[in-house]
Amino acid sequence: MKYISYLVFFMFIALLFYFLKNALEPSKEPLFITGTDKCAECHGLKNQGDQFTPWKNSKHSGAYTVLFSSKAREFNSANGLKSPENEEKCLSCHTTKGFLSGVAAGEYFKTDEGVGCEACHGAGSHYSPAEIMKVESAFLRNGGIKGDSATCLKCHNPKGNKEKALKDNICPFQLNDFDYKTEFEKIKHPLNKNNNNQ
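For the sequence shown, the numbering used here assigns the number 157 to the initial residue and increments by one for each residue that follows.
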């Protein structure tokens with residue numbers, strides 16, 4: 157009886173390691189954008205540091221909405237571009253889906269979320285499960301990205317567009333004097349002390 161108990165115990169431990177290993181390894185499922193609502197399920201909680209509210213109150217969350225403004229329409233008309241909300245040159249910096257071109261949108265993703273979490277942190281379908289998010293190395297292995305200056309400068313550059321397709325004309329919503337360090341201080345949203353990825 158004692159040997160059977162040991163056998164059951166070791167089988168349980170082996171199964172536990174098997175499932176944990178598979179849970180933390182990169183997914184082989186197709187990658188897709190989950191949307192900010194998925195991120196907010198955990199990152200909107202006070203005990204997790206509420207990273208969602210600073211984003212929601214930022215210009216990033218309204219980046220798509222400004223494409224419907226007269227300022228955007230006048231700029232696009234003067235530059236021979238399609239209406240801003242349909243122009244890829246605009247969408248590439250004003251929406252998460254445009255920024256992550258080539259990555260599918262998940263069922264709950266909404267274009268009108270503007271520049272959401274995944275524009276800076278990568279499409280989240282592989283890293284969004286809680287057991288992965290709790291381990292920084294698993295987050296990174298599963299496609300998670302820590303936002304950095306290179307990410308910001310894809311759009312926040314002198315041409316105001318990562319493809320620099322606007323030639324000499326600067327996007328009307330671009331800061332002419334964009335300083336990464338100053339602007340990053342406005343949007344940084346560290347996790348609480350119990351977590352170690354941003």
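The beta carbon of each residue, even a glycine, is placed where N, CA and C say it ideally should be.
Whole-angstrom distance between residue j and residue i, CA atom to CA atom
| i | j | result |
| --- | --- | --- |
| histidine 216 | lysine 342 | 11 Å |
| histidine 199 | tyrosine 159 | 46 Å |
| serine 293 | valine 222 | 36 Å |
| lysine 253 | tyrosine 264 | 12 Å |
| tyrosine 220 | asparagine 298 | 27 Å |
| glutamate 241 | methionine 167 | 56 Å |
| serine 226 | proline 328 | 11 Å |
| isoleucine 355 | glutamine 204 | Here the chain covers residues 157 to 354 and nothing more, so residue 355 does not appear. |
| tryptophan 211 | threonine 192 | 10 Å |
| alanine 286 | glutamate 243 | 36 Å |
| lysine 302 | valine 271 | 15 Å |
| asparagine 213 | glycine 236 | 32 Å |
| leucine 347 | lysine 310 | 24 Å |
| serine 161 | isoleucine 169 | 12 Å |
| serine 233 | phenylalanine 295 | 42 Å |
| phenylalanine 188 | aspartate 335 | 31 Å |
| valine 291 | lysine 238 | 43 Å |
Bridge partners - residue i, DSSP secondary structure assignment
| i | result |
| --- | --- |
| isoleucine 160 | Bridge partners of isoleucine 160: none, in fact. |
| phenylalanine 188 | Ala260 |
Extent of the continuous alpha helix (DSSP H) to which residue i belongs
| i | result |
| --- | --- |
| serine 233 | 226-234 |
| phenylalanine 255 | 252-255 |
| alanine 294 | 292-297 |
| isoleucine 288 | 286-289 |
| glutamate 274 | 273-277 |
| threonine 307 | 305-309 |
DSSP three-state assignment for residue i, whether helix, strand or coil
| i | result |
| --- | --- |
| histidine 216 | helix |
| phenylalanine 168 | helix |
| phenylalanine 334 | coil |
| glutamine 204 | helix |
| isoleucine 414 | Only positions 157 to 354 of the chain appear in the structure, and residue 414 is not among them; the question remains open. |
| cysteine 327 | coil |
| asparagine 242 | helix |
| leucine 223 | helix |
| lysine 342 | helix |
| leucine 237 | coil |
| histidine 282 | coil |
Whether residue i touches residue j by CB criterion (9 Å)
| i | j | result |
| --- | --- | --- |
| serine 281 | glutamate 197 | no |
| asparagine 331 | histidine 345 | The amino acid occupying residue 331 in the given sequence is leucine; asparagine does not appear at that position. Contact: no. |
| cysteine 308 | cysteine 273 | no |
| threonine 267 | alanine 261 | yes |
| glycine 278 | methionine 289 | no |
| cysteine 246 | alanine 228 | yes |
| cysteine 195 | serine 284 | yes |
| phenylalanine 255 | serine 305 | no |
| threonine 251 | glutamate 269 | yes |
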